[in-house]
Amino acid sequence: MIEHDPISSPKLRDREGIAAHRFYAGFSLQFVLDCFSSAKLETGAIVLDPWSGSGTTALVAASQGYKAIGFDLNPAMQASSRARLTSGAESSLEGILEVLEFESLNDARSLTATDPLCRWFSFSTVARIRQIQREICGDEALSIEGVSDLSAGQCFDLQALISACRILALDARSSNPTWTRDCEVGVYVRPESLRAAILRQCTSMKNVAVRVTHEAVIGIADSRRLPIDDGSVDFILSSPPYCTRIDYAMSTVINNAVIGGKVWARFDDMRRSLIGSPCITRMETSHIGRFGPTCSALLHSVSDHQSKSSKSYYLPNLLQYFDGLYQSLQEIARVLKDGGEAVLVVQDSYYKEHRIDLATIVTEMLYETLTLTRRIDYRRGRSFAQINPRAAMVAKRPTESALFFASI
Ligand SMILES: C[S@@+](CC[C@H](N)C(=O)[O-])C[C@H]1O[C@@H](n2cnc3c(N)ncnc32)[C@H](O)[C@@H]1O
Numbered sequence: 021m022i023e024h025d026p027i028s029s030p031k032l033r034d035r036e037g038i039a040a041h042r043f044y045a046g047f048s049l050q051f052v053l054d055c056f057s058s059a060k061l062e063t064g065a066i067v068l069d070p071w072s073g074s075g076t077t078a079l080v081a082a083s084q085g086y087k088a089i090g091f092d093l094n095p096a097m098q099a100s101s102r103a104r105l106t107s108g109a110e111s112s113l114e115g116i117l118e119v120l121e122f123e124s125l126n127d128a129r130s131l132t133a134t135d136p137l138c139r140w141f142s143f144s145t146v147a148r149i150r151q152i153q154r155e156i157c158g159d160e161a162l163s164i165e166g167v168s169d170l171s172a173g174q175c176f177d178l179q180a181l182i183s184a185c186r187i188l189a190l191d192a193r194s195s196n197p198t199w200t201r202d203c204e205v206g207v208y209v210r211p212e213s214l215r216a217a218i219l220r221q222c223t224s225m226k227n228v229a230v231r232v233t234h235e236a237v238i239g240i241a242d243s244r245r246l247p248i249d250d251g252s253v254d255f256i257l258s259s260p261p262y263c264t265r266i267d268y269a270m271s272t273v274i275n276n277a278v279i280g281g282k283v284w285a286r287f288d289d290m291r292r293s294l295i296g297s298p299c300i301t302r303m304e305t306s307h308i309g310r311f312g313p314t315c316s317a318l319l320h321s322v323s324d325h326q327s328k329s330s331k332s333y334y335l336p337n338l339l340q341y342f343d344g345l346y347q348s349l350q351e352i353a354r355v356l357k358d359g360g361e362a363v364l365v366v367q368d369s370y371y372k373e374h375r376i377d378l379a380t381i382v383t384e385m386l387y388e389t390l391t392l393t394r395r396i397d398y399r400r401g402r403s404f405a406q407i408n409p410r411a412a413m414v415a416k417r418p419t420e421s422a423l424f425f426a427s428i
């Protein structure tokens, strides 16, 4: 059943894409195109990505004549994936930056003292960023629902601003691509440099825009409770959060801070609600008996492990992860039409010496509802764990697998 390379690798290549759209866990465009060609969908087919991230599945689907639906719980991912769906023709940024009074911020300190952007930027720079953000989004503090109400042009402009801020907060980068540090001294950015950085992002986003011909809706929803009718989706292409303790929320902390308002006020709650979050919120699971033999054996090994933190932290964290994954997979099976197909990309990882064979675990969790028809394995280069030299001692080269399921 294991094949090699008929469909190109899901992984974004190092130089693929531009800063504004690069997401650590993003799919490559070619992989998504290859999956659609192999599925031979009819025009107008409904394509779903329940963990939509940077929205590659929805973008390619809407450009290939399918109706795309994407969901994510992170409003920053919603804003960035909606920005990718536009050509930038509706952008107002050039006008906004033209009229802004970059030099006239007198009392920047009192304007910004509690602003989350002060973690990376000087008071006057924060005041300028906030001034631009309000020109784009309006004066009212944005709520999570408010991000859904932004127009396509507003999302495009907001993403150009976010991307410029990520680049300008140079000191915030760390060797871990999913983590952002606070800066010791807030970076002062000269007004003209800020303006130029935003316009550069705007131009590069316009240059790589993909022509979208069909409707694409990217919403905020939990994969454990999809707001979609039973049997209504033709094709699902997605990648669940991996079991590598990647902190997807923290990788977008600057994005959420730029959006600010009520979105920032809910950042910690949002972070905790993500599947794969390193924070433990729920210790009980009612589905544990249904996780399948591979997952059960792994949980027993962790429970029996001699290290102190295995029982106190890693076991509840893994239970929480697998419970979220299990519920989401049942939702995927529920919303898929008879004759529909789901492609899920997963990656294995290790807990101490124990392999977390996510491909087998996902297949076993779906055993009663979907059939595995094909599996393609891709050997990955350095994993996130191997970036950390201490972890590199035990980390093995991960395998990423594309799993093709059909409804039974
Ligand atoms: C592996 S990434 C998906 C990457 C995507 N394939 C792309 O091309 O960008 C997983 C995504 O799942 C989201 N996520 C985590 N828990 C979720 C949940 N319960 N419901 C919806 N989305 C969730 C994370 O915010 C993250 O963006």
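In the numbering used here, the protein residues as written are 21 to 428.
Using N, Cα and C, we set each Cβ at its ideal position, and we do this for glycine too.
On a predicted model such as this, the values are computed, not experimentally measured, just so you know.
May I have the straight-line CA-CA distance separating serine 348 from arginine 244, to the nearest angstrom?
-> 4 angstroms
Could you tell me which residues DSSP pairs with valine 283 in its beta bridges?
-> According to DSSP, valine 283 bridges with nothing at all.
For the candidate residues Leu49, Ile66, Cys55, Asp135, whose alpha-carbon lies nearest to that of aspartate 249?
-> Ile66
Taking only heavy atoms of ligand 1 into account, decide whether any of them is closer than 6 angstroms to the Cβ of asparagine 275.
-> no
Could you check what DSSP says for lysine 357 in three-state terms: helix, strand or coil?
-> strand
Assuming leucine 162 contacts glycine 281 (C-beta within less than 8 angstroms), just tell me the rounded distance between them.
-> 4 angstroms
Serine 83 and glycine 90 look like a contact to me (Cβ under 8 angstroms); what is the Cβ gap, rounded to whole Å?
-> No, serine 83 and glycine 90 are not in contact; Cβ-Cβ is about 14 angstroms, not under 8 angstroms.
Counting pairs of beta carbons, one from the stretch 154–169 and one from the stretch 106–122, are three or more of them closer than 8 angstroms?
-> yes
Cα separation between serine 427 and serine 74?
-> 27 angstroms
To which residues does DSSP link aspartate 69 through a beta bridge?
-> Gly90
Output the distance between the C-alpha atoms of proline 136 and tyrosine 334, rounded to the nearest integer angstrom.
-> 30 angstroms
Tell me whether alanine 161 sits in a helix, a strand or coil according to DSSP, three-state version.
-> coil
Starting from glutamate 114, follow the alpha helix (DSSP H) in both directions and report where the run begins and ends.
-> 113–119
Does ligand 1 have a heavy atom nearer than 6 angstroms to the CB of asparagine 337?
-> no
May I ask you to report which of helix, strand or coil DSSP gives lysine 31?
-> strand
Where proline 298 and methionine 270 are concerned, what is the direct C-alpha to C-alpha distance, given to the nearest angstrom?
-> 10 angstroms
Please find out if some non-hydrogen atom of ligand 1 comes closer than 6 angstroms to the beta-carbon of alanine 82.
-> no
Cβ shell of cysteine 138 (< 7 angstroms), same chain only, five flanking positions each side left out = Thr132, Val146, Gly206
Ligand 1 site residues, beta-carbon cut 5 angstroms against heavy atoms | Phe43, Ala45, Gly46, Phe47, Trp71, Gly73, Ser74, Thr76, Asp92, Leu93, Asn94, Met97, Asp242, Ser243, Ser259, Pro261, Tyr268, Leu294, Ile295
Grab me the residues of aspartate 49's own chain with a C-beta within less than 7 angstroms of its C-beta, minus the 5 sequence neighbours each way, in chain order.
-> Note that residue 49 is leucine in the sequence shown here, rather than aspartate. Around leucine 49: Thr76, Val80.
Cβ-Cβ distance between alanine 96 and threonine 272 below 7 angstroms = yes
Touch test, the stretch 257–270 against the stretch 160–177, Cβ-Cβ under 8 angstroms, three pairs minimum | no
Nearest-angstrom Cα distance between leucine 338 and glutamine 350?
-> 18 angstroms
Could you tell me the boundaries of the beta strand (DSSP E) in which aspartate 397 lies?
-> 390–399
Roughly how many angstroms lie between the CA atoms of valine 355 and aspartate 254, to the nearest whole one?
-> 9 angstroms
Assuming valine 209 and leucine 188 form a contact by the criterion Cβ under 8 angstroms, report the distance between their Cβ atoms to the nearest whole angstrom.
-> 5 angstroms
What three-state label does DSSP hand glutamine 326 in the structure shown?
-> coil
For leucine 53, which of Gly46, Pro70, Arg42, Ile27 has the nearest alpha-carbon?
-> Ile27
Pair within 7 angstroms by beta-carbon distance, cysteine 55 and alanine 103 | no
Start and end residues, alpha helix (DSSP H) containing leucine 378 = 378–385
Taking all protein chains shown into account, decide if glutamate 420 is buried (16 or more other Cβ within 10 angstroms of its Cβ) or exposed.
-> buried
Cα separation between phenylalanine 404 and leucine 378?
-> With a pLDDT of 48 at phenylalanine 404, under the threshold of 50, the predicted position of this residue should be treated as unreliable, and no value is reported.
Sequence-distant residues of its chain with Cβ nearer than 7 angstroms to arginine 288 (five each side left out) = According to the sequence displayed, residue 288 carries aspartate and not arginine. Same-chain partners within the cutoff: there are none.
May I have a chain-ordered list of the alpha helix (DSSP H) segments no shorter than 4 residues that lie completely inside the stretch 196–250?
-> 211–227
Determine the direct distance from the alpha carbon of aspartate 324 to that of lysine 60, and round the result to whole angstroms.
-> 47 angstroms
Delimiting residues of the beta strand (DSSP E) encompassing isoleucine 428 | Looking at the DSSP string, isoleucine 428 is not in any beta strand (DSSP E), and its letter there is neither H nor E.
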